[in-house]
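See below for the structure under consideration.
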Amino acid sequence: MSAHINHVVVVLQQVSLEEVPAKKLRLTKPSKSAALHIDLCKATSPTDALQYLLSFARRPVEAESVEGVVRILLEHYYKESDNSVRLKIASLLGLLSKTQGFAPDCIVDDAINTLNNEKSHQVLAQLLGTLLIIGTQLPDKIAVVQRLIDVACKHLSSTYFGVRNKCLQLLGCLGTVDKPLSKETDAGPGAQTSHVRDVQSVISDYFQDQDPRVRTAAIKAMLQLHERGMKIQQTIYNQACKLLSDDYEQVRSAAVQMVWVLSQLYPESIVPIPSSNEEIRLVDDSFGKICHMVSDGSWVVRVQAAKLLGSMHQVSPHFLEQTLDKKLMSDLRRKRTAHERAKELYASGEFSSGRRWADDAPKEKVDTSGVNLIDSGACGAFVHGLEDEMYEVRISAVEALCSLAQSSPSFAEKCLDFLVDMFNDEIEEVRLQSIHVLRQISTHITLREDQLDTVLAVLEDSSRDIREALHELLCYTNVSTKDCIQLALVELLKNLTKYPTDRNSVWKCLKFLGARHPTLVLPIVPELLSTHPYFDTPEPDMDDPAYIAVLVLVFNAAKSCPTMPALFSDHTFRHYAYLRDSLSHLVPHLRVRNLSALESAQNFLQDSLVRVSALQNLETPGAQDLLEFTIRDLLRLGELQTELAGSADFCATYLHCQLLLTKALQEKLWTMAVPLCLKQNWLSFDDLEFLYSGLETQQIATIHNIRLQAKALQLILTARSKPGVDRVLGACEKFLQDVESFQRLFMTELPHFQDSFVEKLLELMPRLTTCKPLDLVKILQTTLRQSGFIHLKLPEQIHRASATIIEPTGESDNPLKFTTGLVVALDIDATLEHVQDPQTSVKVQVLYPDGQSHIIHPKPGDFRTPGPGRVRLITQVYLSHSAWTEACQIEVRLLLAYSSSSSKQSASKPAWNESMGGLPTSESCIESTIHLSKPVKVFIMPKPARR
Amino acid sequence: MPDIKVTPLGAGQDVGRSCILVSIGGKNIMLDCGMHMGYNDDRRFPDFSYVTQNGRLTEFLDCVIISHFHLDHCGALPYMSEMVGYDGPIYMTHPTKAICPILLEDFRKITVDKKGETNFFTSQMIKDCMKKVVPLNLHQTVQVDEELEIKAYYAGHVLGAAMFQIKVGSESVVYTGDYNMTPDRHLGAAWIDKCRPDILISESTYATTIRDSKRCRERDFLKKVHETVERGGKVLIPVFALGRAQELCILLETFWERMNLKAPIYFSTGLTEKANHYYKLFITWTNQKIRKTFVQRNMFEFKHIKAFDRSYADNPGPMVVFATPGMLHAGQSLQIFKKWAGNEKNMLIMPGYCVQGTVGHKILNGQKKLEMEGRATVITGTLDVKLQVEYMSFSAHADAIGIMQLIRMAEPRNMLLVHGEAKKMEFLKDKIEQEVFVRCISCYMPANGETTTVVTNPSVPVDISLNLLKREMALGGPLPDAKRPRTMHGTLIMKDNSLRLVSPEQALKELGLSEHQLRFTCRVQLHDPHSDTDTLGRIYTHLKSVLKSYSIQHVPDGTVIVESIVIKVTSSAEEPNLKVILLSWSYQDEELGSFLSTLLKKGLPS
C-alpha cells in the first residue's frame, strides 16, 4: 500500500514539474487545452492519463477556453478504452460546464452522443450526472431540457441502479412543471397517448423498483419536483404510504417526507380507511401514519417523523390529542395514568400521592375486544417519542409538541404534564429545551399546584443554564392559587441561599411574578412582610437578598393593587424609598403616601429639553449652568426610569458634547484646555452614533453636525499651533471632503438645520473651495462663533447598548496565581442589553498594568439569549504574562466594535494625534471600538516558572 | 413438508425455568436453561429426560443458547452440562458470561450451605460449565456448524441481555429471552431488524399490561427520596444485587449530581460491588447517554455512592442505603429495616414485587406491627412500623404494546408465546391474531412438554448461470415489473448436492449428450377446391390475419413457416379437392403448434 502511495506521489511531482513550462507559455497566448492535449497524448497507460486528468482538475479553467478543453476531452473520450479514465473525463465535463460565464449549450449534443455508445454502467451514470449539471445550468432552454428528459427516460430501464438513480434525479431536477413529457400531445392527441406520460407517473413507477437506492431516488426526485413548484398528484399518496413500511430506512425516511408533503398539499381531501367504510381527512390519515413512524426501528426515521409532526397544524384536535393518550391497562383492567391520578388528587383536595402499595391498583375491567394494541394510529405517538432512547428523537418530539401547542391552546393544556416530566430527562440539552418550550407556550396555560411543584423542583439543579431558563419560565407563568405564589417564593428563596450568584435572576423573576399576580399576592402580604396587627415586629435587615426578594415581589404586586400599601409598615416604606433608588429597574414607581407624586418622567424629560431649547446662545451667562444641571438631571432620570434610560442618556451625552464645544470656543486664548475638551468629545461622538439603537437619520445628522464643528475647531487649532502651510492644506482638504460627504449623506435632512453650522458652511462652500487655507480657517472661526445650537428631537425609542460584567466581581483580594508564560483562564460572565449582532461586535479587552492590551473575540457559542433584547455572554479569556514581583490588577472590559464610516474615523484620527504631538495616545481606546462596560479589576499574580 | 418444532420444557404458559427446545432444519437447539424460583424439589429444573432417558445430551443437541444472566434463564446450566452431561457449545454474550457464574455461585451457596442440600452442583462444576461457553457480540453472526448460524440482537432488560436469531438455510427462529422496549436510565431499548423469521418466540410477562410513562415513576421516586433526605430522614431501598439496583443507583447518582446534594448514599457490599465492576466494563451495552459520556466519566464510577458498612446504620443524619435482598426476608436489608422502622421520618422504598410470606409483602399490605421471630441477636417481639412505605415498580419487561412493536419490527410468520401466565397469553394471542400486520400471523402458546409444529416453506437456492439469466432478461419486458414472477426455460442439474439452472445447450455439453430434436407432425385434412399453391396462399393470408404479431413467411418452395412451424400442402391424386396439410413443429413450439392445428381443423374462411 505504502509503495503504491509513494508511486502516486512521484507521479504527481513529475506532473507538476512538467507543468512549469506550460505555465510560462500561457503568458504568450497559451491555452490550457493545448497543454492538456499534449499531456493526454503523452500518457502511455490509463493510470498516467488519470493522473494528468486529476492534476488538471485541480486548477480552474477560464471561461473562454472551456469549450476547447471540452473538445479535447471528448476526443480522448472516444479514443479511450479504460473505464476509469472515461469516467473521470465525464466528471470533468460536468465540472467544466459549471464554470462561470460559460454557456454549456454547445456541448449538449456531444454529451448526448457519448451516451449512445457507452457500454460501462458507471460511466453512463457519470455522463448522466454531467447532463444533469448541464441541464441545471440551462433551465431556460426548453428544447435542451426536453432532449435531456427524453434521454433520461430512455435510460430509465437500465439494469444498473446508478444509471436509474441519475435518470430519476435528472427527471426530478428538470422534469417540466406544467407540460406532459412528450410534445406530441400538442400535435396529435390520441395517436400516441399511450407513450405520453407525465413526469410524475414515470417517476412513481420506480417507487416499486427492486433496488432500495432507486426507490429512494424516485421519492427524492418527486420531492424535488415539489420543491420546484410542481403540484404532486394525490394518487401518489397511496404509493407513498406503502413505502412507509419499506425494509430500508432511507426509503422510509424519504417516504415520510413525501407523505408529509402530500398532507400539506391536500389536507382536506377525503381518504377511506382500509377495512372499514369510514372516511377521514387526508391530513388526519397522514398524521396517524407519521405518528406510527415515531416508533420506527431506525432512529433517523424517528427523528424525522417527530420533527414533521410539529408542522402539521391542520390536523383535527381530536387526532392531535390522541398523540398524548395511551390507554393504560394492568392485568386487563383499565388503569389511570399517574398524570390523571395527580389531577384527581388535586381536584379532591387531598394532596398526597400513593403511600400504599397498590394505590394505583386498577379498578374497572377492560373489555378485551375494545383494546386496540397497535392500529391506534396517532395514539401515544408523543408518549413514545418523549420516552425514546435517543435524545435526538426526544428533542425533536419536544420541539414538535411546542409548535403544535402554540397553535392549539387545548393541546397546550394537555401536553403540559408531559413537558414537565421532561424536566427530569437525563440529558441536559433535553431538559433545557423543554423548559424553553414551556416558556414559549406559557401564555396558554396555568400551572396547577402539583405541576408547579414539579417545575420548582428543578430550581435546585446545579446547572446555571437550567436555573436561569427556569427563572425565565417563571417570569411568564400563570399560576392558579396563592399557595402557588408562596410555594414559588419559598423555592426561589431556597435557590437564592443555595446559589447566591443567582441573585439578579431571582429578583427579576419575582418582579414578574408579582406584577402578574397582584390579587394572589395580596392575601399573603402580612405573612410575607411578617407584620402583625398589634405588635411591632423587628425591622428586617435591608441587605438581606432574601428580604429584598420578598420586597420586590410585594412592590411589583402593589403596583396594580392600590389597597396593598395600606398593609405596609413604616419601615417598609423606608425600604421602598431605598430600593426604588438603588434597584430602580426592579422596583416600580408606587403611588404611596410620604412620597410626593412625581410627574411623569417622560414629561420631565420633555420639559428639560424644552428648557434647553429656549437657549439661543450658549455664551450667555447662566446658560452653561443650566446645561450642566440638565445633564445631571437627565443622567439621574435615566437611572430611575429604566424605560427612558436610553433617551435620557442620549440627550445627556449630546448636551455634554455641546457644552464642551461651547467651552472650547469661549477660550479666547486657545490654551491646553481646548484639546482636552476635544479629546473627550471624540469619544462621545462615537458613543452617540453607535451605542444607541433606534436612532433616526435626523439624529445621526445632528451628531454629524456637531462632529463637523469639532473638526472645524480642530482645524483652527492645527493652523494656530503649527504654522506650516503644507500640513494645514492637507487638513483643509480633508475637512472639505467631510463637509461634502455630510451633504451627500444627509441631503434630505438639511431643511431641519436652519441657522446651523452646516447650513452656513454649505452656503459658503463655493468660497471655501477656492480660498487659501488660512482664509478658510478664518472663515471657519467666525462661522463657528455665529452658528447656533441645534436642538435635539427625540425619536420614539432609544436604547443604549450596555453591558455589565457580573463575574469577575472585582472584589476579590486573593490574586489569581499562575505560572509565568503559561496561560490562566478567567471566567467572564456578562449580560449585554440592546446590542445588535453581539456575536461579531462584542469583544473582551484585557488591559495589563504595563499598558499592554489584548482584545479577545469570544466564540459565537458563548453568547446565549435568555430573552428578547438580552444576551448573556459566558466565556473564558486566557491570560498570560511574564513574572511580576507582586500581584497586580488587570482590567477587563467589554468593547463594542463598529464598522460603518470607520474609515473616515481612522483617517482623521492620526492627523489629529500628530498635530497634538505631546499628548499620549489614548491608552484604552482601540480604533473602531467603544467601551461597552465599566472595567472590572482582577488581581493576578504570575509566579516564576519552577525549573 | 419441512417444519420447525418448538417444545418448551419450562416457561410454557408459566414464568420461570425458561428452557425451550427448537428443532429446525434437522438441528436441535436449547434456548435458555433456567431454574424455577418457586420449587425446591426436582421441578426446580427442566425435565431433561424429555430429550433422552439416559446418557448424555451432547448427541441430541447442537447448541445451547443463554439469553441473559437471570437465574430463571441460566440457573440449571451447570446441572445440565455437568450432571446430566452436555459437551457441546453454549452461547451467551460477553456480559452474561462474566456475570452468570457469580449468580450461579451465589445460588449454589444459598442452596447448599444455607439449606444444606446435597446432590447439587459444585463450584468446580460451575467452572467446568463456563469453560464450554462461547461468548459472542451483538450483531455478530456465529456459524455453529456449516448450516446453523446464530446472531444476537440487543434486548435491554439487563446488562448483556440479548435476543437470538437462529437460522438454518432460509428457515429461521427468533428467541427474545426477556426484553424491554422502553429504554431506562442505564439500558437502551430492544431492537431487531426486519429479519422475517418463521417463528418469533417472545416472552409475555406483561401481556395484559400497558404501562405508564416511566418518567412519572422516576420523578415520584426522586421526589420522595429528596423530601425524606431534606427533612433529615433515612431511606432504605431493598434491592436485588443486579439489574434494577444499578438503574436506581444511576438515577440517584445523577440526581445528586444535578441537585448538588450532600447526603451520603450507601450500597451494601459483596455481590453488588462485583457486579458494578462488570457494569463499568461493559459500557457498550448500556444506553446512549452512558455510552456517550463515559469518555469524561464512567457513570458507573459513582461519586456519591459509597460502600456500606454495618456501623453506618446508626450514624445520625440523612442517608440513602441500598441493601440486599430485595424482599426484606433476611440479611442486611432486614437488619437495617429493624433499626429504622421506629422513626416516622425514615422511609422504605420497595422497588419490586415481593413474594407472599416475606416481610416486604406484609409491609406493603399495610401491616403496622410485625412479629419478629427467631434469633436472639436482634429485637424480638413485635416491631412497630412507623416509617413511611412506598412502592415503586421498576420492571424491565416489554408490555403489550412493546410486544406488538417488536412484532412489527421483525415481521414474523408465526408467534409463539412463552414466559407468561396462560390467561394473559390468551388475551395477547387473540390480539395478535386480530391485528392487521403485513402478513397474517398465527399465534401459539404451548404448555410445558407440548410440541408446536410450524410448517415452513423454505426456498431452495439454485445457482443460475449468468448467460442464461441475461438471455432471459433480454427477452423480458420493462424493468419495473422485476418483482413479478416470470417463467423461464432452462435445465435443472442436480449434482453433488447442488442445484444449478443452466441453458439446455450448456447442460448437454456438460453431460456429454447430443441434442435430440423432437418434432411433432400432424396432418389436417381439408376440403378445398383450389390448387395446392392457392390453398397455401389462402392459408398464408388466413394465418396472417389471425396471428398478427408472429413472423409468418411464405417460402417460394411451397411452404409456409410460422416461427419454427412448417406448413405444407399436398393433395392426393384421386381426390384433388381433399387437401392434406402437413404441420410440423418442434417441441418448444408445442403451444403454437397445437393452436395452429386446431385452427386449421376448423377450416379456412371462404
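As given, the protein sequences belong to chains A and B, one line each in that order. Under the UniProt record's numbering, the residue at position 30 of the first sequence is numbered 30, and the numbers go up by one with no gaps. Under the UniProt record's numbering, the residue at position 427 of the second sequence is numbered 427, and the numbers go up by one with no gaps. A virtual CB, placed ideally from N, CA and C, is assigned to each residue, including glycine.
Taking 7 Å as the CB threshold, A/N277 stays off the interface with chain B.
Interface residue (Cβ-Cβ distance to chain A less than 7 Å): B/T205 is not classified as such. For A/N424, there is no enclosing beta strand (DSSP E), as DSSP marks it with neither H nor E.
A/I703 carries a helical assignment under DSSP once its states are collapsed to helix, strand and coil.
A Cβ-Cβ separation of about 6 Å places A/L225 in contact with A/G172 under the 8 Å criterion. At the C-beta level, B/I201 and B/Y179 stay beyond 7 Å of one another.
With a minimum length of 4 residues, the unbroken runs of alpha helix (DSSP H) contained wholly in the region 800-878 of chain A fall at 838-841. At least 7 Å separates the beta-carbon of B/D3 from that of B/K27. Ranked by how close their Cα comes to the Cα of A/G380, the residues A/A412, A/C291 and A/D453 have A/C291 in first place.
Counting only runs of 3 or more residues that sit fully inside the region 101-181 of chain B, the beta strand (DSSP E) segments are 133-136, 141-143, 148-154, 162-168 and 171-175, in chain order. The straight-line gap separating the alpha-carbon atoms of A/I219 and A/G162 is approximately 15 Å.
Setting aside the 5 residues that flank it on each side, A/S311 is surrounded in the same chain by S403, each with a C-beta closer than 7 Å to its C-beta; the list follows chain order. Unbroken beta strand (DSSP E) stretches of 3 residues or longer found wholly inside the region 577-601 of chain B: 578-586, given in chain order.
Your pair A/V521 and A/L553 checks out as a contact, with CB atoms roughly 7 Å apart and the cut at 8 Å. Contact check for A/R431 against A/F418 fails: the beta carbons are separated by 7 Å or more. Nearest CB-CB separation between A/E389 and chain B: below the 7 Å threshold.
Annotation for A/G172: the continuous alpha helix (DSSP H) segment containing it runs F161 to L174.
Rounded to whole angstroms, the separation of the alpha carbons of A/V525 and A/L567 is 7 Å.
Pairing A/A488 with A/I441 gives a Cβ-Cβ distance that is not under 7 Å.
Boundaries of the alpha helix (DSSP H) harbouring A/H471: R464 to Y476, taken from the DSSP string.
In this structure the region 99-111 of chain A touches the region 64-72 of chain A; the number of beta carbon pairs closer than 8 Å is three or more. For B/P576, the closest of B/H554, B/F595 and B/T535 by C-alpha to C-alpha distance is B/T535.
Distance from the CA atom of B/E371 to the CA atom of B/G360, rounded to whole angstroms, is 13 Å.
Within chain A, E389, M390 and Y391 have C-beta atoms less than 7 Å from the C-beta of B/Q288, given in sequence order. Taking the Cα positions, A/P773 is about 14 Å away from A/Q714.
Of the residues assessed, B/Y206 falls on the buried side of the cut-off, its CB having 16 or more other CB atoms within 10 angstroms. Residue environment for B/C440: exposed (fewer than 16 other C-beta atoms within 10 angstroms of its C-beta). A/D150 is outside the set of residues whose beta carbon lies under 7 Å from a beta carbon in chain B.
Listed in chain order, the non-local C-beta contacts of A/C167 below 7 Å within the same chain comprise L128, A152, H155 and L156, local neighbours out to five positions each way being set aside. Checking the DSSP bridge columns, you'll see B/C443 partnered with B/M415. For A/E413, the secondary structure class from DSSP, reduced to helix, strand or coil, is helix. Contact annotation for A/G297 against chain B: W191, I192, D193, K194 and M409 [CB-CB distance below 8 Å, chain order].
Residue state for B/S202 is assigned as strand, using DSSP reduced to three classes. DSSP places B/S572 in the coil class of the three-state scheme, outside both helix and strand. In the DSSP assignment, the residues bridged to B/K234 are B/M319.
At a cut-off of 7 Å between beta carbons, A/I290 makes no contact with chain B.
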